[in-house]
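Each residue of the sequence shown is one higher than the last, beginning at 1 in full-length UniProt numbering. Beta carbons: idealized from backbone N, C-alpha and C, even for Gly. The structure under discussion appears below in the form of C-alpha coordinates.
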Amino acid sequence: MAIKIVKTDETFDFNAIKLHSPSVLHGQVFFSKISHSNQDLFLQSPAVTLKNGFINEGKMSYSDIVISDTDDEFISWIETLEESLHTIVLQKSKEWFTQEITRSHVEHTFTPPLRTYKKGKFFLMRVQNDPPRNIVFRKSKIYDEFDNVIEEKDVKPTDTLVCILHLNGIKFTTNSFQIYIELKQSIITNRHNNPFASKVDITTTTNSPIDNVNLNDDDSEENSIIRNENEGTYDIVKENNNINVETNTEQGLVEANIKTSSIEDSNIKLRQDNLTNDNETYVNYVLAKNKAKEARQSAMKMIADAKNARNQCMIENIDFSESDDDSFYSSDDDDESDITNDQLQSESDDDTHSSEVLPRIQIHQ
1 MAIKIVKTDE TFDFNAIKLH SPSVLHGQVF FSKISHSNQD LFLQSPAVTL
51 KNGFINEGKM SYSDIVISDT DDEFISWIET LEESLHTIVL QKSKEWFTQE
101 ITRSHVEHTF TPPLRTYKKG KFFLMRVQND PPRNIVFRKS KIYDEFDNVI
151 EEKDVKPTDT LVCILHLNGI KFTTNSFQIY IELKQSIITN RHNNPFASKV
201 DITTTTNSPI DNVNLNDDDS EENSIIRNEN EGTYDIVKEN NNINVETNTE
251 QGLVEANIKT SSIEDSNIKL RQDNLTNDNE TYVNYVLAKN KAKEARQSAM
301 KMIADAKNAR NQCMIENIDF SESDDDSFYS SDDDDESDIT NDQLQSESDD
351 DTHSSEVLPR IQIHQ
(Lines of atoms letter the chains of each structure in order from A and count residues from 1; the text may use other names and numbers.)
(Lines give C-alpha, C1' and ligand atoms only; values in the text may rest on other atoms or scores of the structure.)
Protein backbone atom coordinates (compact mmCIF):
# COMPACT_ATOMS: atom_id res chain seq x y z
CA MET A 1 0.00 0.00 0.00
CA ALA A 2 1.30 3.44 -0.91
CA ILE A 3 2.34 5.62 2.02
CA LYS A 4 0.71 9.04 2.20
CA ILE A 5 2.64 11.81 3.93
CA VAL A 6 0.27 14.53 5.10
CA LYS A 7 1.00 18.25 4.98
CA THR A 8 1.32 19.95 8.33
CA ASP A 9 -0.62 23.07 7.39
CA GLU A 10 -4.14 24.49 7.66
CA THR A 11 -5.48 22.09 5.02
CA PHE A 12 -5.17 19.10 7.35
CA ASP A 13 -8.50 17.70 8.62
CA PHE A 14 -8.11 16.90 12.32
CA ASN A 15 -11.67 15.56 12.44
CA ALA A 16 -10.53 12.56 10.38
CA ILE A 17 -8.23 11.35 13.18
CA LYS A 18 -9.34 8.17 14.89
CA LEU A 19 -8.14 6.22 17.97
CA HIS A 20 -8.64 2.47 17.73
CA SER A 21 -9.47 0.07 20.53
CA PRO A 22 -6.49 -0.29 22.87
CA SER A 23 -4.37 -3.41 23.20
CA VAL A 24 -2.06 -4.48 26.02
CA LEU A 25 1.64 -3.93 25.51
CA HIS A 26 2.79 -5.32 28.84
CA GLY A 27 1.40 -5.24 32.39
CA GLN A 28 -0.89 -2.23 32.79
CA VAL A 29 0.47 -0.43 29.71
CA PHE A 30 -1.91 -0.09 26.78
CA PHE A 31 -1.60 1.12 23.23
CA SER A 32 -4.22 2.70 20.94
CA LYS A 33 -3.36 3.05 17.27
CA ILE A 34 -3.88 6.38 15.47
CA SER A 35 -5.24 6.55 11.93
CA HIS A 36 -6.27 9.34 9.60
CA SER A 37 -8.95 8.54 7.04
CA ASN A 38 -8.32 4.86 7.84
CA GLN A 39 -4.63 5.17 6.96
CA ASP A 40 -1.44 5.41 8.99
CA LEU A 41 -0.51 8.98 9.81
CA PHE A 42 2.90 10.02 8.40
CA LEU A 43 4.34 13.52 8.31
CA GLN A 44 7.57 15.21 7.33
CA SER A 45 9.48 17.34 9.79
CA PRO A 46 11.26 20.61 8.99
CA ALA A 47 15.05 20.72 9.11
CA VAL A 48 16.07 19.58 12.61
CA THR A 49 19.10 18.45 14.58
CA LEU A 50 19.56 15.77 17.23
CA LYS A 51 20.32 16.88 20.76
CA ASN A 52 22.30 13.82 21.82
CA GLY A 53 22.20 11.64 18.75
CA PHE A 54 20.62 8.21 18.97
CA ILE A 55 20.26 7.04 22.56
CA ASN A 56 20.04 3.33 23.39
CA GLU A 57 18.90 2.31 26.87
CA GLY A 58 18.39 -1.40 27.21
CA LYS A 59 15.66 -2.38 24.79
CA MET A 60 14.70 1.23 24.16
CA SER A 61 16.14 3.54 21.52
CA TYR A 62 15.07 7.14 21.11
CA SER A 63 16.22 10.59 20.00
CA ASP A 64 15.36 14.16 20.96
CA ILE A 65 15.01 16.22 17.80
CA VAL A 66 15.60 19.97 18.07
CA ILE A 67 13.07 22.18 16.25
CA SER A 68 13.64 25.90 15.73
CA ASP A 69 10.97 28.32 16.94
CA THR A 70 10.93 29.76 13.41
CA ASP A 71 9.10 26.62 12.24
CA ASP A 72 5.92 28.00 13.75
CA GLU A 73 3.58 26.26 11.29
CA PHE A 74 4.88 22.82 12.25
CA ILE A 75 4.83 23.68 15.97
CA SER A 76 1.27 24.97 15.73
CA TRP A 77 0.20 21.79 13.90
CA ILE A 78 1.64 19.57 16.67
CA GLU A 79 -0.12 21.61 19.36
CA THR A 80 -3.44 21.34 17.52
CA LEU A 81 -2.92 17.59 17.16
CA GLU A 82 -2.41 17.28 20.92
CA GLU A 83 -5.66 19.14 21.65
CA SER A 84 -7.56 16.93 19.20
CA LEU A 85 -6.27 13.79 20.92
CA HIS A 86 -7.35 15.19 24.30
CA THR A 87 -10.89 15.43 22.99
CA ILE A 88 -10.88 11.93 21.48
CA VAL A 89 -9.48 10.33 24.69
CA LEU A 90 -12.17 12.08 26.72
CA GLN A 91 -14.81 10.71 24.35
CA LYS A 92 -13.36 7.19 24.68
CA SER A 93 -12.96 7.33 28.47
CA LYS A 94 -16.23 5.49 29.22
CA GLU A 95 -15.14 2.62 26.97
CA TRP A 96 -11.56 2.46 28.16
CA PHE A 97 -11.83 3.13 31.89
CA THR A 98 -14.05 1.85 34.66
CA GLN A 99 -14.35 5.31 36.14
CA GLU A 100 -15.22 8.48 34.29
CA ILE A 101 -12.35 10.94 33.90
CA THR A 102 -12.48 14.68 33.35
CA ARG A 103 -10.81 16.83 30.73
CA SER A 104 -8.61 18.39 33.39
CA HIS A 105 -7.36 14.92 34.32
CA VAL A 106 -6.52 14.13 30.70
CA GLU A 107 -4.66 17.43 30.20
CA HIS A 108 -2.61 17.00 33.37
CA THR A 109 -1.67 13.39 32.68
CA PHE A 110 -0.99 13.87 28.95
CA THR A 111 2.75 14.24 28.21
CA PRO A 112 3.21 17.15 25.75
CA PRO A 113 5.02 16.11 22.56
CA LEU A 114 6.93 19.44 22.57
CA ARG A 115 9.13 20.86 25.32
CA THR A 116 10.83 24.25 25.32
CA TYR A 117 14.60 24.28 24.99
CA LYS A 118 17.20 27.05 25.42
CA LYS A 119 14.81 29.66 26.76
CA GLY A 120 12.15 29.03 24.16
CA LYS A 121 14.40 29.46 21.12
CA PHE A 122 13.97 25.78 20.31
CA PHE A 123 11.60 22.92 21.02
CA LEU A 124 12.43 19.29 21.76
CA MET A 125 10.36 16.38 20.45
CA ARG A 126 11.12 12.83 21.56
CA VAL A 127 10.86 10.25 18.81
CA GLN A 128 11.24 6.48 19.15
CA ASN A 129 13.59 4.56 16.89
CA ASP A 130 11.67 1.29 17.31
CA PRO A 131 8.02 0.35 16.80
CA PRO A 132 5.89 0.06 19.96
CA ARG A 133 6.11 -3.71 19.94
CA ASN A 134 9.75 -4.83 19.94
CA ILE A 135 8.96 -8.14 18.30
CA VAL A 136 9.97 -6.66 14.91
CA PHE A 137 13.33 -5.40 13.74
CA ARG A 138 14.12 -1.72 13.57
CA LYS A 139 13.15 -0.16 10.26
CA SER A 140 14.56 3.33 10.69
CA LYS A 141 17.05 4.31 8.01
CA ILE A 142 19.41 7.29 7.73
CA TYR A 143 20.68 8.51 4.37
CA ASP A 144 22.70 11.36 2.95
CA GLU A 145 21.71 13.38 -0.12
CA PHE A 146 23.36 10.82 -2.40
CA ASP A 147 21.31 7.89 -1.01
CA ASN A 148 24.23 6.49 0.95
CA VAL A 149 23.22 4.73 4.17
CA ILE A 150 24.63 6.42 7.28
CA GLU A 151 25.17 4.58 10.54
CA GLU A 152 23.58 5.99 13.69
CA LYS A 153 26.96 6.38 15.35
CA ASP A 154 28.16 8.58 12.47
CA VAL A 155 25.44 11.19 12.92
CA LYS A 156 26.88 14.36 14.46
CA PRO A 157 25.10 17.01 16.58
CA THR A 158 25.82 19.54 13.83
CA ASP A 159 24.11 17.47 11.14
CA THR A 160 20.84 18.82 9.78
CA LEU A 161 18.16 16.21 9.17
CA VAL A 162 14.72 16.03 7.61
CA CYS A 163 12.69 13.20 9.11
CA ILE A 164 9.66 11.11 8.21
CA LEU A 165 7.67 10.60 11.40
CA HIS A 166 4.96 8.02 12.03
CA LEU A 167 2.32 9.07 14.56
CA ASN A 168 1.87 5.47 15.57
CA GLY A 169 -0.59 5.80 18.44
CA ILE A 170 -1.08 6.65 22.10
CA LYS A 171 0.71 4.73 24.81
CA PHE A 172 -1.08 5.11 28.14
CA THR A 173 -1.76 3.85 31.65
CA THR A 174 -4.35 5.00 34.17
CA ASN A 175 -2.02 7.85 35.18
CA SER A 176 -0.28 8.93 31.93
CA PHE A 177 -0.78 9.45 28.21
CA GLN A 178 1.95 9.82 25.60
CA ILE A 179 1.91 10.12 21.80
CA TYR A 180 4.12 7.40 20.35
CA ILE A 181 6.05 9.10 17.52
CA GLU A 182 8.27 6.73 15.57
CA LEU A 183 11.19 7.84 13.41
CA LYS A 184 10.86 5.98 10.13
CA GLN A 185 13.42 7.63 7.91
CA SER A 186 15.77 10.59 7.90
CA ILE A 187 18.10 12.28 5.46
CA ILE A 188 21.14 14.39 6.30
CA THR A 189 21.02 17.55 4.20
CA ASN A 190 24.20 19.41 5.13
CA ARG A 191 26.74 16.86 3.96
CA HIS A 192 28.06 17.44 0.46
CA ASN A 193 30.52 14.58 0.24
CA ASN A 194 29.66 13.54 -3.27
CA PRO A 195 31.08 10.02 -3.79
CA PHE A 196 32.29 11.10 -7.22
CA ALA A 197 34.47 13.81 -5.62
CA SER A 198 36.85 11.28 -4.01
CA LYS A 199 38.22 9.97 -7.30
CA VAL A 200 37.96 10.45 -11.03
CA ASP A 201 35.57 7.95 -12.60
CA ILE A 202 35.71 9.34 -16.14
CA THR A 203 37.78 7.36 -18.61
CA THR A 204 39.61 9.53 -21.11
CA THR A 205 41.36 8.60 -24.36
CA THR A 206 44.70 10.07 -25.39
CA ASN A 207 44.83 11.64 -28.85
CA SER A 208 48.01 11.45 -30.92
CA PRO A 209 49.71 14.82 -31.41
CA ILE A 210 49.45 16.35 -34.87
CA ASP A 211 52.73 16.82 -36.71
CA ASN A 212 53.82 20.39 -37.26
CA VAL A 213 52.95 21.67 -40.71
CA ASN A 214 55.20 24.24 -42.38
CA LEU A 215 52.97 26.97 -43.78
CA ASN A 216 55.74 29.43 -44.66
CA ASP A 217 55.38 31.00 -48.10
CA ASP A 218 58.29 31.59 -50.46
CA ASP A 219 59.22 35.30 -50.57
CA SER A 220 59.92 35.37 -54.28
CA GLU A 221 57.37 32.93 -55.70
CA GLU A 222 53.65 32.31 -55.18
CA ASN A 223 51.50 29.38 -56.21
CA SER A 224 48.54 29.85 -58.50
CA ILE A 225 45.73 27.31 -58.91
CA ILE A 226 43.94 26.81 -62.22
CA ARG A 227 40.66 25.00 -61.68
CA ASN A 228 39.56 22.25 -64.05
CA GLU A 229 35.75 22.40 -63.94
CA ASN A 230 35.22 19.04 -65.66
CA GLU A 231 37.59 16.96 -63.53
CA GLY A 232 37.22 18.79 -60.19
CA THR A 233 41.03 19.20 -59.91
CA TYR A 234 43.39 22.15 -59.55
CA ASP A 235 46.66 22.88 -61.37
CA ILE A 236 49.36 24.60 -59.36
CA VAL A 237 51.72 26.88 -61.30
CA LYS A 238 54.83 28.67 -60.01
CA GLU A 239 55.10 32.31 -60.91
CA ASN A 240 57.11 35.37 -60.00
CA ASN A 241 54.96 38.33 -59.01
CA ASN A 242 57.58 40.87 -58.01
CA ILE A 243 56.94 43.53 -60.65
CA ASN A 244 58.24 47.07 -60.70
CA VAL A 245 58.19 48.68 -64.15
CA GLU A 246 59.11 52.30 -64.59
CA THR A 247 59.51 54.10 -67.91
CA ASN A 248 60.37 57.74 -68.44
CA THR A 249 59.35 59.21 -71.74
CA GLU A 250 59.08 62.60 -73.35
CA GLN A 251 56.47 64.08 -75.72
CA GLY A 252 53.48 61.92 -74.94
CA LEU A 253 55.29 58.83 -73.59
CA VAL A 254 53.45 56.79 -70.94
CA GLU A 255 54.85 56.54 -67.42
CA ALA A 256 53.88 53.32 -65.63
CA ASN A 257 54.65 52.08 -62.18
CA ILE A 258 53.06 48.78 -61.29
CA LYS A 259 53.46 47.19 -57.90
CA THR A 260 51.70 43.96 -57.09
CA SER A 261 53.35 42.98 -53.84
CA SER A 262 50.13 43.35 -51.81
CA ILE A 263 46.67 42.20 -52.87
CA GLU A 264 43.75 42.63 -50.50
CA ASP A 265 40.04 41.91 -50.21
CA SER A 266 39.49 39.61 -53.16
CA ASN A 267 35.81 39.17 -54.01
CA ILE A 268 36.35 35.85 -55.69
CA LYS A 269 34.36 33.15 -53.97
CA LEU A 270 34.78 29.44 -54.62
CA ARG A 271 31.60 27.42 -54.76
CA GLN A 272 33.18 24.17 -53.72
CA ASP A 273 31.25 22.94 -50.64
CA ASN A 274 33.55 20.07 -49.73
CA LEU A 275 36.75 22.16 -49.43
CA THR A 276 37.90 23.03 -45.93
CA ASN A 277 38.19 26.66 -44.80
CA ASP A 278 41.97 26.61 -45.22
CA ASN A 279 41.75 25.38 -48.81
CA GLU A 280 39.16 28.02 -49.68
CA THR A 281 41.34 30.79 -48.26
CA TYR A 282 44.37 29.57 -50.19
CA VAL A 283 42.46 29.25 -53.47
CA ASN A 284 41.07 32.78 -53.11
CA TYR A 285 44.55 34.12 -52.49
CA VAL A 286 46.14 32.43 -55.50
CA LEU A 287 43.30 33.34 -57.87
CA ALA A 288 43.77 36.96 -56.83
CA LYS A 289 47.44 36.61 -57.77
CA ASN A 290 46.36 35.44 -61.22
CA LYS A 291 44.41 38.65 -61.64
CA ALA A 292 47.59 40.57 -60.78
CA LYS A 293 49.47 38.62 -63.44
CA GLU A 294 46.89 39.61 -66.06
CA ALA A 295 47.22 43.25 -64.96
CA ARG A 296 50.99 43.03 -65.36
CA GLN A 297 50.70 41.63 -68.89
CA SER A 298 48.30 44.45 -69.80
CA ALA A 299 50.75 47.02 -68.41
CA MET A 300 53.64 45.52 -70.38
CA LYS A 301 51.57 45.79 -73.55
CA MET A 302 50.93 49.47 -72.78
CA ILE A 303 54.69 50.03 -72.34
CA ALA A 304 55.43 48.36 -75.67
CA ASP A 305 52.84 50.54 -77.40
CA ALA A 306 54.33 53.64 -75.80
CA LYS A 307 57.79 52.64 -76.98
CA ASN A 308 56.60 52.20 -80.57
CA ALA A 309 54.87 55.60 -80.43
CA ARG A 310 58.06 57.27 -79.20
CA ASN A 311 60.22 55.70 -81.91
CA GLN A 312 57.77 56.78 -84.60
CA CYS A 313 57.73 60.30 -83.19
CA MET A 314 61.54 60.44 -83.22
CA ILE A 315 61.72 59.38 -86.86
CA GLU A 316 59.23 62.00 -88.04
CA ASN A 317 60.66 64.94 -86.09
CA ILE A 318 64.42 64.76 -86.63
CA ASP A 319 65.30 68.47 -87.20
CA PHE A 320 68.43 68.77 -85.10
CA SER A 321 72.06 68.65 -86.01
CA GLU A 322 73.89 65.39 -85.76
CA SER A 323 75.92 66.55 -82.79
CA ASP A 324 72.91 67.85 -80.93
CA ASP A 325 71.03 64.71 -81.77
CA ASP A 326 73.75 62.59 -80.28
CA SER A 327 73.94 64.68 -77.11
CA PHE A 328 70.16 64.75 -76.75
CA TYR A 329 69.44 61.08 -77.26
CA SER A 330 72.61 59.37 -76.19
CA SER A 331 71.80 59.07 -72.50
CA ASP A 332 68.14 58.32 -73.06
CA ASP A 333 68.83 55.67 -75.67
CA ASP A 334 71.33 53.98 -73.43
CA ASP A 335 69.01 54.02 -70.44
CA GLU A 336 66.04 52.95 -72.46
CA SER A 337 68.04 50.24 -74.14
CA ASP A 338 69.09 48.95 -70.73
CA ILE A 339 65.56 49.05 -69.40
CA THR A 340 64.18 47.37 -72.46
CA ASN A 341 66.75 44.59 -72.36
CA ASP A 342 66.18 44.03 -68.63
CA GLN A 343 62.47 43.99 -69.02
CA LEU A 344 62.62 41.65 -71.97
CA GLN A 345 64.94 39.37 -70.03
CA SER A 346 62.59 39.49 -66.98
CA GLU A 347 59.57 38.76 -69.13
CA SER A 348 61.38 35.87 -70.75
CA ASP A 349 62.20 34.47 -67.32
CA ASP A 350 58.56 34.87 -66.22
CA ASP A 351 57.34 32.98 -69.26
CA THR A 352 59.83 30.24 -68.52
CA HIS A 353 58.59 29.94 -64.93
CA SER A 354 54.97 30.07 -66.00
CA SER A 355 55.44 27.22 -68.43
CA GLU A 356 56.79 24.91 -65.73
CA VAL A 357 53.62 23.23 -64.48
CA LEU A 358 53.90 21.16 -61.30
CA PRO A 359 52.06 17.83 -60.89
CA ARG A 360 48.34 18.37 -60.42
CA ILE A 361 46.78 17.97 -56.92
CA GLN A 362 43.60 15.95 -56.72
CA ILE A 363 41.00 17.51 -54.33
CA HIS A 364 38.74 14.76 -53.03
CA GLN A 365 35.11 15.82 -52.90
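Inset, instruction - Could you check the C-alpha separation between Lys289 and Met302 for me, to the nearest Å? - result: 20 Å
Inset, instruction - Would you kindly check if the distance between the Cβ of Leu114 and the Cβ of Ile142 is under 9 Å? - result: No. Outside cutoff.
Inset, instruction - Measure the Cβ-Cβ separation of Glu83 and Ser93 and say whether it is below 9 Å. - result: No, these two residues do not count as a Cβ contact at 9 Å.
Legend entry - Contact set for Ile188: own chain, Cβ-Cβ below 8 Å, skip 5 residues either direction: For Ile188, where only same-chain residues beyond five positions count, the Cβ hits under 8 Å are Ile142, Tyr143, Asp144, Glu145, Ile150, Val155, Asp159, Thr160 and Leu161.
Legend entry - Inter-residue Cα distance where the pair is His108 and Thr116: 17 Å
Legend entry - Buried/exposed call for Phe123, threshold 16 Cβ in 10 Å: buried
Legend entry - Three-state class that DSSP yields for Ile303 in the structure shown: helix
Legend entry - With 16 other Cβ atoms within 10 Å as the buried cut-off, status of Ser63: buried
Legend entry - Coil, strand or helix - Val89 by DSSP: helix
Inset, instruction - Rounded to whole angstroms, what's the CA-CA distance from Gln28 to Phe97? Just pull it up for me. - result: Straight-line measurement puts the Cα of Phe97 at about 12 Å from the Cα of Gln28.
Inset, instruction - Please report how far the alpha carbon of Ile78 lies from the alpha carbon of Gly53, in whole angstroms. - result: 22 Å
Legend entry - Cα-Cα separation between Lys121 and Ser68, rounded to whole angstroms: 7 Å
Legend entry - For Arg103, the first and last residue of its enclosing alpha helix (DSSP H): Counting along the chain, Arg103 sits inside the alpha helix (DSSP H) bounded by residues Arg103 to Thr109.
Legend entry - Selected residue, minimal CA-CA separation from Phe172, among Pro46, His86 and Ile55: His86
Inset, instruction - Less than 8 Å between the CB atoms is what I'm expecting for Lys33 and Asn168, so what's the real figure, rounded? - result: Correct: roughly 7 Å between the Cβ atoms.
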